[in-house]
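K.L.:
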Amino acid sequence: MSKTLHSLRRGWPAASLFLLATTTWCQAAAEVKMEASAEGFIFEKIPAPAINDAGAEARWKLVDGEQDNFSADTAVLADGTVPQNEDDPRANFFLSGTTGGKLVADLGETTEIESVGSYSCHPRERADQLYRLYGSTGTAGAFKIAPPAGSDPKQFGWTLLATVDTRSASQGKGGRVGVEIGGERSRGVGRFRYLLFDIAPPVKAGATSNTFFSEIDVVAAGAKETLRLHSNKKVVREYETKDGKYQFVVDASQAPDMVPWVEKELIPMCEEWYPKLNAMLPSKGYEGPEKFSLTFKSDMPDGVPAYAAGDGLSLSADFFRREKDREAKGCVVHEMVHVVQNYGYARQVNRHPKDTPVWVTEGIADYVRWFLYEPESKGAEITEGNIGSARYDGSYRITANFFHYIAETYDPRIIPEMNAACREGRYDEELWKKWTGKPLQELGADWLAAQRKRLHLRH
Ligand SMILES: [Zn+2]
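Going left to right, the sequence shown walks through residues -28 to -1, 1 to 431 as mature numbering (1 follows the signal peptide of the UniProt record, and there is no 0) numbers them.
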C-alpha cells in the first residue's frame, strides 16, 4: 500500500505501474544455461568462474538450514577460487540434512545484475545443483530477508528469477557443473540488492546428499572488467605511486585470481616501500629504476617463490596463492631490494668493477626485509637449532642477522655504505676494517659469540 502511495506522490502514470508488473513477470524467466565439464572448470556454453564480481563483495548468509560440519564457510563461495580436486569438502560450501536451506547474498545496494553463476564439484551426484533463485530490492513492506522455513519467498518480497536443476545436464556423473542465469547476450537478471538461493538436496536419501557448491558469482551489468579463471586473456595492469614517480606493471595473466589481493595488499605495500627502499639505499648520482614489472608465473621451478632479473620480478603463482597472508609481501620486499641494488650498474661507472659476493647481495635484501620491513615476524633469528651451522657468509637470513648485529653494534649507516660500494663495483673485504676497525672474520666470530651468549649456550 505504501509503495503505491509513494509512486502516486511522484506522479507516475498508471501505465508505469503496469510496466513494473510486466517486468517482474519477465524476470521470472531469466535464461538458464547449465553444463557439466569433465576437465576443470572449463565449459563450452558458460563462462569460467569470475574473480572480481559483485558476489565477491557481497555479504553471504545462510538464513535457513544448516551448514555441514565438514563444509567451508560461505566465504569460499565468493573467493574467486575453485577446488583443486573433485572431492575437497574444505573448498566447498554444503548443507547438512535432507531439507535443504536458504542462502542470501546482500550486494549492499540495488544493482543491475547481468548474470548469476553457480559452480559445483563432486565425484558423484553431489555435483548436481537444485535450487530456485529469487531476487529482492528489500524495499517491499512484506520483505523478510529470511522467509520462514517451508514458506513461499514470493510472499515475503522476493521475486522468483530462475529454477535450476542440473540433473539432466550431468546425468548424475559428477565432475564440475556450471550454471549461468542471465548472461552477456541475454536480457540479464534484473535490478536487485538481495539474492536468495532456495537450495534443495540433489539426492533424496541420506544425510550426505547436499551439493558441493564451489563458487557463486554475481556479475553486475557494465562491470569494469570481469576477470575469470582459465581465460586466455592478458591481464596486465599498471599502477603508480601517488606522486607519479614510480610505476609498477603487474602481469597476472597466469593468475588472474591474484588481482584482488594485488590491488588490496601488494600494490599499497609497493607504493609505500619502493620509494623507501630507494631512499634507504642511495649512492652518488644513482636513481633506482622508475618502473619495474611483477609477473605471476604458473610454471616456476619447484621451491622458487620469486626472482628478480633486471627490472622484472617473476612470482610463483602457487607460492603467492598459498602465502598471500604470510610470506608473500615480505618476499616481494626482498625482490624489490634487488631492483634497487641494481649491481649491474657497476659496469657503467667503474672500468674494473669487482663482483659482489652473492651472500652480501642476498644478505642485504634479507636484512631489509626481516629487520626493517617486518621485524615483528622475527624471521631471521639465530636459534639453538641453526647456530651450529651459522656463518656470517651463510647468505639470506643468516647473513641478514649478521648485518643487523653490525648495524646495532657499530653503525646502521654501514649497510647503505656497503650497498653503495657493491653498486659501484668496489666491494672489498678490507672495507670492513674501515667501517668497524676489525677484519670480517673477527666480526663474524664476535657476532656468533654474542648469539651464544644471548642463547645462554656454552662456547
Ligand atoms: Zn634474492
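Yeah, the Cβ is synthetic: ideal placement off N, Cα and C, and Gly gets one too.
Computed from a prediction, not measured in an experiment: that's the story for all the values here.
What ranges does the alpha helix (DSSP H) occupy inside the stretch 198 to 278, keeping only unbroken runs of at least 4 residues that lie completely in it?
P.N.:
With a minimum length of 4 residues, the continuous alpha helix (DSSP H) runs that stay inside the stretch 198 to 278 are 239 to 252.
K.L.:
DSSP has L167 in a bridge; who is on the other side?
P.N.:
Paired residue(s): A77 and G107.
K.L.:
Measuring CA to CA, which of P384, C394, Y382 and G360 is closest to W331?
P.N.:
It is C394 whose Cα lies nearest to the Cα of W331.
K.L.:
Can you tell me which of the three DSSP states L49 falls into?
P.N.:
Here L49 sits in helix by DSSP.
K.L.:
Roughly how many angstroms separate the alpha carbons of S349 and T355, rounded to a whole number?
P.N.:
Distance between the alpha carbons of S349 and T355 is about 14 Å.
K.L.:
Tell me which residue opens and which closes the beta strand (DSSP E) that T131 is part of.
P.N.:
Start and end: T131 to D137.
K.L.:
Report, in whole angstroms, the separation of the C-beta atoms of F184 and R98, which I expect to be a contact under 8 Å.
P.N.:
Going by Cβ atoms, the distance from F184 to R98 rounds to 5 Å, so yes, they are a contact pair.
K.L.:
Rank D290, A280, G335 and G162 by C-alpha distance to the C-alpha of N314 and give the top, closest one.
P.N.:
The residue with the shortest Cα to Cα distance from N314 is A280.
K.L.:
Rounded to a whole number of angstroms, what is the C-alpha to C-alpha distance between I359 and A118?
P.N.:
Cα to Cα, I359 sits roughly 60 Å from A118.
K.L.:
Where R294 and E402 are concerned, what is the direct C-alpha to C-alpha distance, given to the nearest angstrom?
P.N.:
R294 and E402: Cα-Cα distance of roughly 43 Å.
K.L.:
If A20 sits next to S203, beta carbons under 8 Å apart, how far is it from one beta carbon to the other, in whole angstroms?
P.N.:
That belief holds up - the Cβ atoms of A20 and S203 are roughly 6 Å apart, short of 8 Å.
K.L.:
My output table needs one value for Q320: the three-state DSSP class, helix, strand or coil.
P.N.:
Of the three classes helix, strand and coil, the one that applies to Q320 here is helix, per DSSP.
K.L.:
Mind checking which residues open and close the beta strand (DSSP E) that includes F185?
P.N.:
F185 to A192 is the extent of the beta strand (DSSP E) around F185.
K.L.:
Would DSSP call E307 helix, strand or coil?
P.N.:
Three-state DSSP puts E307 in a helix.
K.L.:
Kindly list the residues whose CB is nearer than 8 Å to the CB of L(-9), restricted to its own chain and excluding five residues on each side of it in sequence; keep chain order.
P.N.:
Residue confidence is low: L(-9) scores 37 on pLDDT, short of 50, so the model does not pin down where it sits. Its coordinate-derived value is still stated next. Contacts found: none.
K.L.:
According to the Cβ coordinates, are E307 and A278 closer than 7 Å?
P.N.:
Contact: yes.
K.L.:
Measuring only the C-alpha atoms, how far is R426 from V88?
P.N.:
Spanning the two alpha carbons is a distance of roughly 60 Å.
K.L.:
If I'm right that F164 touches G107 with Cβ under 8 Å, what's the distance once you round it to whole angstroms?
P.N.:
With 8 Å as the limit, F164 and G107 qualify as a contact, their Cβ atoms being about 4 Å apart.
K.L.:
What residues come near ligand 1, if near means a beta carbon less than 6 Å from any of its heavy atoms?
P.N.:
Working through the chain, the matches are H306, H310, E334 and A337.
K.L.:
According to the neighbour-count rule (16 or more other Cβ atoms, all chains shown, within 10 Å of its Cβ), is P273 buried or exposed?
P.N.:
Its Cβ having fewer than 16 others within 10 Å, P273 is exposed.
K.L.:
In terms of alpha-carbon separation, which member of D189, E212 and R157 lies closest to L201?
P.N.:
Residue D189 is the option with its Cα nearest to L201.
K.L.:
Can you tell me whether DSSP reads I387 as helix, strand or coil?
P.N.:
Note: I387 maps to helix in three-state DSSP.
K.L.:
Under 8 Å by Cβ, that's how I've got F382 and T408 pegged, so tell me the actual separation to the nearest angstrom.
P.N.:
For clarity, residue 382 is Tyr in the given sequence; the question names Phe instead. Right, the Cβ-Cβ distance comes to about 5 Å (below 8 Å), so this counts as a contact.
K.L.:
Should A26 go down as buried or exposed, given a rule of 16 or more other Cβ atoms within 10 Å for buried?
P.N.:
Buried, because 16 or more other Cβ atoms sit within 10 Å of the Cβ of A26.
K.L.:
Measuring CB atoms only, is the stretch 9 to 19 touching the stretch 157 to 171, in the sense that at least three cross pairs come out at less than 8 Å?
P.N.:
As far as the Cβ criterion goes, the stretch 9 to 19 does not touch the stretch 157 to 171, which means the pair count is below three.
K.L.:
Out of E334, D418 and E346, state which residue places its alpha-carbon closest to the alpha-carbon of N391.
P.N.:
The candidate whose alpha carbon is nearest that of N391 is E334.
K.L.:
If we count the other Cβ atoms within 10 Å of its Cβ and call it buried at 16 or more, is N373 buried or exposed?
P.N.:
With 16 or more Cβ atoms within 10 Å of its Cβ, N373 is classed as buried.
K.L.:
Based on Cα-Cα distance, which residue from E152, E380, Y211 and E235 lies nearest to L133?
P.N.:
Nearest of E152, E380, Y211 and E235 to L133, Cα basis: E152.
K.L.:
Counting along the chain, where does the alpha helix (DSSP H) carrying G335 start and finish?
P.N.:
Unbroken alpha helix (DSSP H) run through G335: V330 to Y339.
K.L.:
To the nearest angstrom, report how far apart Q127 and G113 are at their CA atoms.
P.N.:
Straight-line Cα distance between these residues: approximately 11 Å.
K.L.:
Between which two residues does the beta strand (DSSP E) carrying E31 extend?
P.N.:
Here the sequence assigns Arg to residue 31, which means Glu is not the residue at that position. Element bounds for R31: R31 to D36.
K.L.:
What's the call for S276, buried or exposed, on a 16-neighbour Cβ count within 10 Å?
P.N.:
With the sequence shown as reference, residue 276 is identified as Val, and Ser is not the correct amino acid for it. Burial call: exposed.
K.L.:
By DSSP, does Q101 sit in helix, in strand, or in coil?
P.N.:
In the structure shown, Q101 sits in coil (DSSP, three-state: anything other than H, G, I, E or B).
K.L.:
Could you say which of W32, S225 and P261 lies nearest to S270 if we only look at CA atoms?
P.N.:
For S270, the nearest C-alpha among the options comes from S225.
K.L.:
Among the residues of its own chain, which have a CB less than 7 Å from the CB of P125, if the five just before and after it don't count?
P.N.:
So the qualifying residues of the chain are Y106, P119, L168 and D170.
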